[in-house]
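4 protein chains.
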Amino acid sequence: MNPIRVTVWGENVHEHKSPKVAAVYPDGMHNTIAAGIRELLPTAEVGTATLQEPEHGLTAEKLAATDVLIWWGHMAHAEVADAVVDRVQQRVLEGMGLIVLHSGHFAKIFKRMLGTSCALTWREADEKERLWVCNPGHPIARGIDTYFELEREEMYGEPFGIPSPDEQVFISWFEGGEVFRSGCCWHRGNGKIFYFRPGHETYPTYHDKNVRRVIANAVEWARPQGQWTGVSHCPNVKTPVEPIKPKAR
Amino acid sequence: MNPIRVTVWGENVHEHKSPKVAAVYPDGMHNTIAAGIRELLPTAEVGTATLQEPEHGLTAEKLAATDVLIWWGHMAHAEVADAVVDRVQQRVLEGMGLIVLHSGHFAKIFKRMLGTSCALTWREADEKERLWVCNPGHPIARGIDTYFELEREEMYGEPFGIPSPDEQVFISWFEGGEVFRSGCCWHRGNGKIFYFRPGHETYPTYHDKNVRRVIANAVEWARPQGQWTGVSHCPNVKTPVEPIKPKAR
Amino acid sequence: MNPIRVTVWGENVHEHKSPKVAAVYPDGMHNTIAAGIRELLPTAEVGTATLQEPEHGLTAEKLAATDVLIWWGHMAHAEVADAVVDRVQQRVLEGMGLIVLHSGHFAKIFKRMLGTSCALTWREADEKERLWVCNPGHPIARGIDTYFELEREEMYGEPFGIPSPDEQVFISWFEGGEVFRSGCCWHRGNGKIFYFRPGHETYPTYHDKNVRRVIANAVEWARPQGQWTGVSHCPNVKTPVEPIKPKAR
Amino acid sequence: MNPIRVTVWGENVHEHKSPKVAAVYPDGMHNTIAAGIRELLPTAEVGTATLQEPEHGLTAEKLAATDVLIWWGHMAHAEVADAVVDRVQQRVLEGMGLIVLHSGHFAKIFKRMLGTSCALTWREADEKERLWVCNPGHPIARGIDTYFELEREEMYGEPFGIPSPDEQVFISWFEGGEVFRSGCCWHRGNGKIFYFRPGHETYPTYHDKNVRRVIANAVEWARPQGQWTGVSHCPNVKTPVEPIKPKAR
């Protein structure tokens with residue numbers, strides 16, 4: 049098989065506004081996420097793109113050469129151009145995998161793909177999160193024990209406003225008492241979509257070895273198994289396969 | 049139970065541009081569809097709304113008082129204001145039923161709810177369509193025989209660019225050789241969505257007794273069983289249920 | 049609408065072997081569950097059936113007159129006759145609702161309907177369970193706050209060996225650290241299936257007002273919306289609708 | 049990747065009772081199906097098993113060494129031992145792929161995995177079947193044009209008594225006027241299941257190049273992406289992760 053081509057998209061705003069975030073992610077969150085994938089999937093071709101680049105770094109050429117797109121955004125969702133969202137949606141429907149992280153639950157592209165509110169409840173309180181594996185045989189859970197923990201994370205709680213997931217990979221238990229569907233899979237068109245909850249910008253979540261493992265696994269799971277560029281065509285097939293009888297009016 | 053409150057939305061353009069369409073639907077397609085529902089569900093409160101009205105007739109008040117919205121559009125999809133689409137989507141997620149007819153497969157609201165291309169193949173050739181019931185016990189198929197036929201219809205063929213339906217109620221056989229998933233159900237948020245294929249504007253489809261039966265059945269199926277206006281809220285729940293231990297940094 | 053006809057099936061073994069269980073459920077668990085439904089749905093016609101009755105109380109006549117069947121079993125799953133399981137399955141496919149409680153996750157009928165292992169992890173440790181509502185607008189969650197708690201319950205944990213639920217109504221948080229998909233909906237044939245986790249025999253769970261509310265809501269949700277007794281027929285339709293051309297061999 | 053290990057299971061009865069079938073499949077249907085896979089997937093390790101062998105050729109060892117099992121049965125479904133069905137089900141839940149062909153819709157293993165009646169309508173009339181691709185980007189449709197035809201086949205028609213497919217790959221148009229969901233995918237446990245309609249024993253269907261292509265594609269699609277042999281374990285996890293407070297009684 050060819051190497052998987054991954055693009056990690058980062059909003060890249062918190063890192064420049066908050067010294068606390070910059071201290072945890074001195075290279076930017078997108079670069080840390082990309083480094084984690086390179087570490088675990090050495091043959092993958094991993095690049096990055098950010099909000100600040102022309103077309104947010106997601107030109108038609110770049111997307112055409114991307115097998116799996118990873119998305120982290122939070123405070124600047126509204127600044128993402130609709131034309132770029134249209135283009136990413138089209139590529140997902142054609143077959144590109146899409147992995148949406150944490151606060152990306154409110155990204156335009158995630159809401160666009162799912163059609164629901166994607167709302168949830170939340171709390172920032174340095175609390176422990178424990179992610180349980182709902183299916184130890186799922187490729188995204190490969191190498192993960194029955195659960196793993198993050199010592200400090202933001203809490204996300206149910207209700208989570210999503211269509212019923214096609215597959216449930218993780219559910220989180222929070223120290224403060226909540227639960228959340230933390231790892232969810234959907235198929236849309238020819239694309240596979242994975243939402244993975246952890247990753248608040250003030251915590252070192254994307255340095256965590258289990259989180260890195262899950263993201264790398266998800267990249268392998270989401271790589272296209274088939275593609276179809278005609279997914280949005282609506283052809284007029286004037287010539288029928290079978291003869292059509294003239295009708296009396 | 050309270051009477052079902054139905055709003056039939058019609059694009060209402062073809063009827064005024066094409067004498068052929070005006071001859072088939074002298075009162076407008078929306079009024080013919082509404083009349084069919086009133087005939088079969090005499091206790092329902094059935095109103096209409098059209099593209100040309102302020103806010104396309106779909107004000108917040110009107111939607112709040114609508115249990116099931118029916119949508120027919122075709123040549124003017126692009127003229128539907130995004131703000132109205134946002135509002136309809138919100139109401140569907142809260143619990144309002146949505147029935148999308150025929151060329152509404154490309155309506156902004158349908159694509160918004162499903163997140164996919166909603167593309168298909170098509171042909172206008174006066175051909176026979178036979179709709180097979182995939183589950184005779186489904187409430188939307190009540191009173192329909194194993195199949196029913198429309199002597200002349202536009203053809204819609206697979207591939208149909210939709211997420212896998214939660215329930216398949218009808219599949220069509222076309223004289224010219226194609227097939228199509230003609231009756232599809234989805235759940236999104238608290239709303240039920242039904243897509244029903246027939247209804248090309250130049251044919252008397254909405255005068256057909258089986259088509260009227262299906263639409264009336266779908267209205268009863270799609271009426272809200274539960275509602276939740278908070279579906280898009282994203283509350284910060286600062287106080288945890290359980291105590292959270294202070295963490296060392 | 050006609051009154052809902054409910055049959056509560058109880059294994060009725062623990063109550064006679066364990067003084068502890070008999071103390072909590074002196075009338076038998078099935079009668080306590082039935083009393084809860086009668087309390088909240090006064091117009092419902094609620095009966096019971098037990099393992100010890102001829103045909104386990106589930107004759108063809110009884111099932112034909114049942115709209116929603118509730119199932120609690122645990123230590124005697126293997127004693128349920130396959131012929132009765134066949135009959136219940138057939139009625140669910142025709143349209144009867146099925147509500148499976150707690151240890152019924154390993155009942156023959158539950159495994160039969162779902163086709164998977166239905167396995168889980170468990171612990172008896174007098175621990176607190178908090179059930180979160182995943183969709184406050186779902187009819188099964190009507191009248192339930194954002195969550196409710198059971199002070200002492202058995203723990204069930206993920207992985208839960210089920211097909212992906214069509215709708216997720218509750219997820220549980222356990223004091224000991226686990227999570228579980230506690231309220232799950234599926235559609236099979238014309239029947240609606242709801243699995244509801246709580247109800248270990250040594251705890252007064254079926255006296256709890258929230259648990260009773262959920263079960264009553266589920267009864268209303270699961271009542272047949274349509275039925276089809278021919279669901280298992282496989283007819284030879286010798287006469288085609290369209291002419292078939294003779295083929296050269 | 050390792051070679052895919054495929055076992056083609058054949059009932060192997062018609063071939064010995066009917067000269068007509070023997071003429072079309074002188075080596076037995078299972079061997080013809082196996083030959084088609086070997087032709088298109090030369091690196092696959094393809095074996096066969098039949099009803100007549102001890103344990104129907106599906107010993108625990110054989111199944112443990114099978115990545116994808118293909119199933120064709122018809123007149124002797126009832127002769128398949130339940131213990132073998134149990135074993136196959138367990139392997140599918142662990143991760144083995146399962147491809148069920150044609151009259152296998154009524155095989156014990158298919159009904160076991162799906163939990164529904166799997167009933168349909170049928171007719172033997174030498175009629176043309178046209179299979180439409182519902183998603184040209186699906187890996188099972190790779191190399192198939194927008195549709196393909198079988199000049200003479202048995203007809204299977206809706207309603208087809210199955211749970212809603214996770215993915216719809218093909219829908220058939222029949223000359224005699226019916227339609228059918230001909231290519232359906234489900235996930236159960238870690239196993240992928242594909243049902244493929246064509247293959248009546250008196251027709252040369254498994255010699256057809258498109259049918260062979262679809263089966264080979266399905267083999268690649270269904271190969272395990274992950275496996276979990278503990279899928280049916282129900283462990284008592286006595287030691288909680290978090291401390292549990294003693295409760296007052």
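Chains as they are written, first to last, in the working numbering: chain U, 49 to 297; chain S, 49 to 297; chain L, 49 to 297; chain P, 49 to 297. All C-beta atoms, glycine included, are put in the ideal place defined by N, C-alpha and C.
Residue i, buried or exposed, once every other Cβ within 10 Å from all chains shown has been counted against 16
i, result
"residue 291(L)", "exposed"
"residue 283(L)", "exposed"
"residue 304(U)", "Shown here, chain U extends from 49 to 297; a query on residue 304(U) therefore has no answer."
"residue 205(U)", "buried"
"residue 110(S)", "buried"
"residue 49(U)", "exposed"
"residue 78(L)", "buried"
"residue 87(L)", "exposed"
"residue 145(U)", "buried"
"residue 82(S)", "buried"
"residue 121(P)", "buried"
Start-to-end residues for the beta strand (DSSP E) that takes in residue i
i, result
"residue 202(P)", "195-205"
"residue 235(S)", "227-236"
"residue 215(L)", "215-222"
"residue 93(S)", "93-98"
"residue 178(U)", "169-181"
"residue 149(S)", "145-149"
"residue 116(L)", "116-120"
"residue 58(P)", "53-58"
C-beta contact flag for residue i and residue j at 8 Å
i, j, result
"residue 183(L)", "residue 238(S)", "yes"
"residue 101(L)", "residue 51(L)", "no"
"residue 162(U)", "residue 177(U)", "no"
"residue 260(L)", "residue 84(L)", "yes"
"residue 95(S)", "residue 76(S)", "no"
"residue 168(S)", "residue 150(S)", "no"
"residue 241(U)", "residue 140(U)", "yes"
"residue 213(L)", "residue 212(U)", "yes"
"residue 200(P)", "residue 251(P)", "yes"
"residue 274(U)", "residue 187(P)", "yes"
"residue 286(P)", "residue 171(L)", "yes"
"residue 98(P)", "residue 60(P)", "yes"
"residue 335(L)", "residue 160(L)", "In this structure chain L extends from 49 to 297, so residue 335(L) is not present and cannot be described."
"residue 132(S)", "residue 103(S)", "yes"
"residue 147(S)", "residue 116(S)", "yes"
"residue 267(P)", "residue 69(P)", "no"
Element boundaries [alpha helix (DSSP H), containing residue i]
i, result
"residue 293(L)", "Run containing residue 293(L): none; DSSP gives neither H nor E here."
"residue 142(S)", "130-142"
"residue 84(U)", "77-88"
"residue 72(U)", "67-72"
"residue 162(P)", "156-162"
"residue 111(L)", "108-112"
Which residues, in order along the segment 258-284 of chain U, keep a beta-carbon less than 8 Å from a beta-carbon of chain S?
-> Look at the segment 258-284 of chain U: the residues with a C-beta under 8 Å from a C-beta of chain S are 279, 280, 281, 282, 283 and 284.
Would you list, in chain order, the members of the segment 226-242 of chain L that have their beta-carbon closer than 7 Å to a beta-carbon of chain P?
-> 236 and 237
Starting from the N-terminal side, write out each stretch of the alpha helix (DSSP H) that is 4 residues or longer and does not extend beyond the segment 231-287 of chain L.
-> 257-270
Compile a chain-ordered list of the residues in the segment 153-181 of chain U whose CB is closer than 7 Å to at least one CB of chain S.
-> 160, 161, 162, 163, 164, 165, 167, 168, 169, 170, 171, 173, 174 and 175
Which residues, in chain order, does the segment 185-206 of chain S contribute to contact with chain L at a C-beta distance below 7 Å?
-> Contacts with chain L (Cβ-Cβ distance below 7 Å) from the segment 185-206 of chain S involve 185, 186, 187 and 190, listed in chain order.
Going along the segment 208-222 of chain L in order, which residues come within less than 9 Å of chain S, judged by CB to CB distance?
-> In summary, the residues of the segment 208-222 of chain L whose CB is separated from some CB of chain S by less than 9 Å are 214, 215 and 221, in the order they occur in the chain.
Pull out every residue of the segment 131-144 of chain S whose Cβ sits closer than 8 Å to any Cβ of chain L, in chain order.
-> 142 and 143
Between the segment 102-123 of chain U and chain P, which residues of the former have a C-beta closer than 8 Å to a C-beta of the latter?
-> none
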